[in-house]
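For the sequence shown, UniProt numbering gives the first residue as 1, with consecutive numbering after it. Each residue gets a CB set at the ideal place from its N, CA and C atoms; glycine is no exception.
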Amino acid sequence: MDSKKSGYQRNILSFSEEQAGVILHQFVTSCNGGEGEREEGEREREREEEEEEEEEEEEEEEEEEEALE
């Protein structure tokens, strides 16, 4: 594995910073069985749900304020 690792290190230096980041992300994701991508997807869904809940709460507050007026 050490020779493979050093090969990755040598090759990654020939790419731009952005390309290297993409390659590194793909490599790490493949090493951990894709868990990183699944976790990111779950986090994205949670953020969307939180945003929806906040919007609903804001709408309810606005309706309550209008009812009081």
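- Sequence-distant Cβ neighbours of F15 in its own chain, meaning closer than 7 Å and more than five residues away, are I23.
- For E18, the enclosing alpha helix (DSSP H) covers residues 17-31.
- In the structure shown, E51 adopts helical secondary structure according to DSSP, grouped into three states.
- Rounded to the nearest whole angstrom, the CA to CA distance from E59 to E44 is 23 Å.
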